[in-house]
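A.B. asks: Got a structure for you, written out below as structure tokens; questions coming shortly.
2 protein chains.
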Amino acid sequence: MIILDGKIVAASVKESVKAKAALLIREHKKTPHLAAILIGTNGASETYVANKVKTCEEIGFKSTLLRFDENVKEQLLLDTIKKLNVDDEVDGILVQLPLPKHISEEKVINTINPSKDVDGFHPSSIGKLVQGLPTFIPATPYGIMLMLKHYKIDTVGKHAVVIGRSNIVGRPMSILLSQNTNPGNCTVTICHSRSKNLTEICQQADIIVAALGIPGFLKANMIKEGAVVIDVGITRVADATKKSGFSIKGDVDFENVAPKCSYITPVPGGVGLMTIGALMMNTFAAAQLKIKN
Amino acid sequence: MIILDGKIVAASVKESVKAKAALLIREHKKTPHLAAILIGTNGASETYVANKVKTCEEIGFKSTLLRFDENVKEQLLLDTIKKLNVDDEVDGILVQLPLPKHISEEKVINTINPSKDVDGFHPSSIGKLVQGLPTFIPATPYGIMLMLKHYKIDTVGKHAVVIGRSNIVGRPMSILLSQNTNPGNCTVTICHSRSKNLTEICQQADIIVAALGIPGFLKANMIKEGAVVIDVGITRVADATKKSGFSIKGDVDFENVAPKCSYITPVPGGVGLMTIGALMMNTFAAAQLKIKN
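Protein chains in written order, with the working numbering: chain A, 1 to 293; chain B, 1001 to 1293.
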């Protein structure tokens, strides 16, 4: 059993983007530039955005952080995005989710210029992903693909089971794994809350992506010997032994599942660490796109 | 075993759109208007477009047919689409595929204003479909959904196997069937040319959508008793007994498969007949959208 180490792969992705960015800066005087919009003071969102900004610094990208009060008017937010859309200095735009309830997530995302949509949530980005066209892939599925690639995991003709049909993980994951690419070319089964016989379905899987958000859901009896298990869960569970008062749990009963696997991602330390690297890949691609056009 | 009769369902869909269009004309002085672009003189394309125009007439829609020579310049085509995009009289635009080789299908489709993209091939339309937002659904998958609905086939929690991952049938079909809608909420397995153990996978299916384009591919031993079988294949096979010299064959070995099914679509007379009705639904929706905005 081999642990798919998010730390190692993320570091390798960052190194690679850093080198490519250095080349872009040298040859085209173009520094990739990410603009991040953060609304309110949600603790998790603060941490995510801070890490994104810090990573930009580490790999030689520019970044701009625009902060808004919890009560910001939707129109001000949309106008800000429109300005960033036409700002030649800015390559990628991300709006940290979730948004306050009075703001339409759909409107906000649809306002981002698709050529700067580094989160890959715009319908046009998702549509291109489905059609196999060059596009920005949402960070979590992209991170998983980078991980499978890094460890040279053979996916062709394998049966992959994706548990969860969310727009940001399960759905794009199921599409990417079934495309005529490498990694890819899996037979893919997508399961969700209305699925029956989940145990029997998972038992057939060569590759399982668990993205349903129920800690410890995937048990040892649900997987076959030698399966590849990708755990996307990151649920905060109360834990009195931790200073923070919680620990992070994945969707997989790791202790019992891991011994049966050929490869498995830990939580924490697995997929979660890949997302920022994926975002940086997208931001680099956005900058590169601008030079080509 | 019940035959899913495309003729009956298509007639019912057309009647329903006709009634809704009459209301739109009466209450809003708005006649749905489809503009179709046809390039060259391909026999099948001629027939398809002629049927679309004829159906428009039958149900009280306006239609405009724009014909171009096989050698038309790409730019002229793009300019024509741009004019239709801003023409307030036109609600839906379709460009009959396939296109001559010197014209980029991607460019042509991406030029169509997404709010008039009644074929549902624009990345933005596909993206919205993935995200479960209101959009134009490509005609074949839409037709199949209308058929499942008409016959009140229970899909919730069922295992659907889709054979084929094309952008216009297999892929959108797999997405629609797995969404939290009715019909929908299936566990969906998408298979393709690189899939292994196809027989075993199909044997588990409560619903099979065969969209691979190999006549008679799906045999009786591949399905379980009581399955619902949807045949999307429409291959022309040489047939000396026909005046045309060919007959149309589906992907299903109908004669042997039908007795084991609960429901099955024939070819011809099944899914193929649904596509024009679906297109008319989309064109009506485009006209209605314009009134709302």
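For glycine and all other residues, C-beta sits at the position ideal for the given N, C-alpha and C.
1) Just reading off the alpha helix (DSSP H) that aspartate 79 of chain A is part of, what are its end residues?
2) Determine whether the Cβ of histidine 1122 of chain B lies closer than 9 angstroms to any Cβ atom of chain A.
3) Could you tell me whether any Cβ in chain A is nearer than 9 angstroms to the Cβ of glutamate 1106 of chain B?
4) With H, G and I counted as helix, E and B as strand and the rest as coil, what does DSSP make of valine 1095 of chain B?
5) Go to isoleucine 207 of chain A, then tell me how far its alpha helix (DSSP H) extends in each direction, as first and last residue.
6) Closest to valine 49 of chain A by C-alpha separation, out of A:Ser247, A:His33, A:Leu94 and A:Ala278, would be which residue?
7) Less than 6 angstroms between C-beta atoms, sequence neighbours within five positions excluded: which residues of the same chain meet that for glycine 1250 of chain B?
8) What's the C-alpha gap between isoleucine 144 of chain A and isoleucine 276 of chain A?
9) Could you work out which residue in B:Gly1040, B:Val1086 and B:Glu1058 is closest to leucine 1066 of chain B when comparing CA atoms only?
10) What are the boundary residues of the alpha helix (DSSP H) that includes isoleucine 1008 of chain B?
11) If you scan the segment 216-281 of chain A from start to end, which runs of the beta strand (DSSP E) of 3 or more residues do you find wholly inside it?
12) Which word fits phenylalanine 246 of chain A, buried or exposed, when buried means at least 16 other C-beta atoms lie within 10 angstroms of its C-beta?
13) Please confirm whether valine 13 of chain A and alanine 258 of chain A have their CB atoms less than 9 angstroms apart.
14) Can we say the segment 129-136 of chain A touches the segment 1123-1137 of chain B, given the rule of at least three CB pairs closer than 8 angstroms?
15) I want to see whether chain B comes within less than 9 angstroms of leucine 133 of chain A, judged by CB atoms only; does it?
16) So, helix, strand or coil for isoleucine 1163 of chain B, using DSSP?
17) Given a threshold of 16 other Cβ atoms within 10 Å of its Cβ, counted over all protein chains shown, does isoleucine 1002 of chain B qualify as buried or as exposed?
18) Let me know the secondary structure DSSP gives cysteine 1186 of chain B once reduced to three states.
19) Per the contact definition of three or more C-beta pairs closer than 8 angstroms, is the segment 158-172 of chain A in contact with the segment 1146-1154 of chain B?
20) Could you have a look at histidine 122 of chain A and say whether DSSP puts it in helix, strand or coil?
21) For chain B, check one thing: does any of its Cβ atoms lie closer than 9 angstroms to the Cβ of glutamine 179 of chain A?
22) Which partner residues of isoleucine 1037 of chain B appear in the DSSP bridge assignment?
23) Could you tell me the distance, in whole angstroms, from the CA atom of asparagine 1185 of chain B to the CA atom of lysine 1020 of chain B?
24) Assuming histidine 1150 of chain B is part of the alpha helix (DSSP H), what are its boundary residues?
25) Which residues in chain A sit within 9 angstroms of threonine 1187 of chain B, going by Cβ to Cβ distance?
26) Put isoleucine 1201 of chain B into one of helix, strand or coil per three-state DSSP.
27) Could you tell me how far apart the beta carbons of phenylalanine 68 of chain A and leucine 77 of chain A are, in whole angstroms, since I believe they sit closer than 8 angstroms?
28) From the beta carbon of proline 172 of chain A, is the nearest beta carbon of chain B less than 9 angstroms away?
29) Could you work out which residues of chain A lie near lysine 1128 of chain B, taking near to mean beta carbons separated by less than 7 angstroms?
30) Along the chain, where does the alpha helix (DSSP H) containing glutamate 1106 of chain B start, and where does it finish?
31) Give the residues of chain B in contact with valine 156 of chain A, contact being defined as C-beta atoms less than 7 angstroms apart.
32) Run through the DSSP bridge pairs and tell me what isoleucine 1003 of chain B is partnered with.
33) Below 8 angstroms on the Cβ atoms is my guess for aspartate 91 of chain A versus proline 32 of chain A; work out the distance and round it to an integer in Å.
34) Taking the alpha helix (DSSP H) that asparagine 71 of chain A falls in, what are its first and last residues?
35) With 7 angstroms as the limit, tell me which residues of the segment 1145-1169 of chain B have their beta carbon closer than that to any beta carbon of chain A; keep them in chain order.
C.D. replies: With the given structure in hand:
1) On the first sequence, residue 79 of chain A is found 79 positions in, with the first residue counted as 1. Residues 74-86.
2) Mapped onto the second sequence, residue 1122 of chain B falls at position 122. For histidine 1122 of chain B, the answer is yes, since a Cβ of chain A falls inside 9 angstroms of its Cβ.
3) Numbered from 1 along the second sequence, position 106 holds the residue referred to as residue 1106 of chain B. Glutamate 1106 of chain B counts as touching chain A.
4) Taking the first residue of the second sequence as position 1, residue 1095 of chain B is located at position 95. Shown here, valine 1095 of chain B sits in a strand according to DSSP, grouped into three states.
5) Locating residue 207 of chain A in the first sequence gives position 207, where the first residue counts as 1. For isoleucine 207 of chain A, there is no enclosing alpha helix (DSSP H); the enclosing beta strand (DSSP E) covers residues 207-210.
6) Within the first sequence, numbered from 1, the residue matching residue 49 of chain A stands at position 49. With distances taken between Cα atoms, valine 49 of chain A lies closest to A:Leu94.
7) As a first step, residue 1250 of chain B is located in the second sequence; it is residue number 250 there, counting from the start. Excluding sequence positions up to five before and after glycine 1250 of chain B, its CB lies within less than 6 angstroms of the CB of Asp1231, Gly1233 and Val1267, all in the same chain and listed in chain order.
8) In the first sequence, residue 144 of chain A corresponds to position 144, counting from 1. In the first sequence, residue 276 of chain A corresponds to position 276, counting from 1. The alpha-carbon atoms of isoleucine 144 of chain A and isoleucine 276 of chain A are separated by roughly 12 angstroms.
9) On the second sequence, position 66 is the one that residue 1066 of chain B refers to. Of all alpha-carbon atoms in B:Gly1040, B:Val1086 and B:Glu1058, the one lying nearest the alpha-carbon of leucine 1066 of chain B is that of B:Gly1040.
10) Counting from one through the second sequence, the residue named residue 1008 of chain B turns up at place 8. 1006-1028 is the extent of the alpha helix (DSSP H) around isoleucine 1008 of chain B.
11) Taking only runs of at least 3 residues, the beta strand (DSSP E) segments lying wholly in the segment 216-281 of chain A are 228-231, 235-238 and 246-249.
12) Numbered from its first residue, the first sequence carries residue 246 of chain A at position 246. So phenylalanine 246 of chain A ends up on the exposed side.
13) In the first sequence, residue 13 of chain A corresponds to position 13, counting from 1. In the first sequence, residue 258 of chain A corresponds to position 258, counting from 1. Valine 13 of chain A is not a Cβ neighbour of alanine 258 of chain A, given a cutoff of 9 angstroms.
14) Yes, the segment 129-136 of chain A touches the segment 1123-1137 of chain B.
15) Within the first sequence, numbered from 1, the residue matching residue 133 of chain A stands at position 133. At least one CB of chain B lies nearer than 9 angstroms to the CB of leucine 133 of chain A.
16) Residue 1163 of chain B sits at position 163 when you count from the first residue of the second sequence. Looking at isoleucine 1163 of chain B - three-state DSSP - the assignment turns out to be strand.
17) Position 2 of the second sequence holds residue 1002 of chain B. Exposed: under 16 other Cβ atoms inside 10 Å.
18) Translated into the one-based positions of the second sequence, residue 1186 of chain B becomes position 186. Here cysteine 1186 of chain B sits in coil by DSSP.
19) Taking 8 angstroms as the limit for Cβ pairs, the verdict is that the segment 158-172 of chain A does not touch the segment 1146-1154 of chain B.
20) As a first step, residue 122 of chain A must be located in the first sequence, where it is residue number 122. Coil at histidine 122 of chain A, not helix or strand.
21) Taking the first residue of the first sequence as 1, we reach residue 179 of chain A at position 179. Answer yes: the Cβ-Cβ gap between glutamine 179 of chain A and chain B drops below 9 angstroms somewhere.
22) Taking the first residue of the second sequence as position 1, residue 1037 of chain B is located at position 37. Note: isoleucine 1037 of chain B sits in a beta bridge opposite B:Leu1066 and B:Val1095.
23) Here the question's residue 1185 of chain B lines up with position 185 in the second sequence. Here the question's residue 1020 of chain B lines up with position 20 in the second sequence. So the two alpha carbons sit approximately 28 angstroms from each other.
24) The residue given as residue 1150 of chain B occupies position 150 in the second sequence. In the DSSP assignment, histidine 1150 of chain B falls within the unbroken alpha helix (DSSP H) covering 1139-1150.
25) Residue mapping note: residue 1187 of chain B aligns to position 187 of the second sequence, counting from 1. Neighbours of threonine 1187 of chain B on chain A, chain order: Thr189, Ile190, Cys191, His192, Arg194, Ser195, Lys196, Asn197, Leu198 and Ile201.
26) For the purposes of this step, residue 1201 of chain B is taken as residue 201 along the second sequence, with counting starting at 1. Taken through DSSP and simplified to helix, strand or coil, isoleucine 1201 of chain B comes out as helix.
27) Residue 68 of chain A sits at position 68 when you count from the first residue of the first sequence. Residue 77 of chain A sits at position 77 when you count from the first residue of the first sequence. So it is a contact: roughly 7 angstroms between Cβ atoms.
28) Walking along the first sequence from the start, residue 172 of chain A turns up at place 172. It does; some Cβ of chain B falls within 9 angstroms.
29) Within the second sequence, the letter at position 128 stands for residue 1128 of chain B. Within chain A, the residues whose beta carbon sits less than 7 angstroms from that of lysine 1128 of chain B are Pro123, listed in sequence order.
30) Here residue 1106 of chain B refers to the residue found at position 106 of the second sequence. Note, glutamate 1106 of chain B: alpha helix (DSSP H), 1105-1111.
31) Here residue 156 of chain A is taken as the residue at index 156 of the first sequence, counted from 1. Here the neighbours are Arg1194.
32) For the purposes of this step, residue 1003 of chain B is taken as residue 3 along the second sequence, with counting starting at 1. B:Ile1264, per the DSSP bridge assignment.
33) Looking up residue 91 of chain A in the first sequence gives position 91. Looking up residue 32 of chain A in the first sequence gives position 32. Contact holds; Cβ gap of about 5 angstroms.
34) For this step, residue 71 of chain A is matched to residue 71 along the first sequence. Taken as a continuous stretch (DSSP letters only), asparagine 71 of chain A belongs to no alpha helix (DSSP H), as it is neither H nor E.
35) Flagged, chain order: Val1156, Gly1157, Arg1165 and Asn1167.
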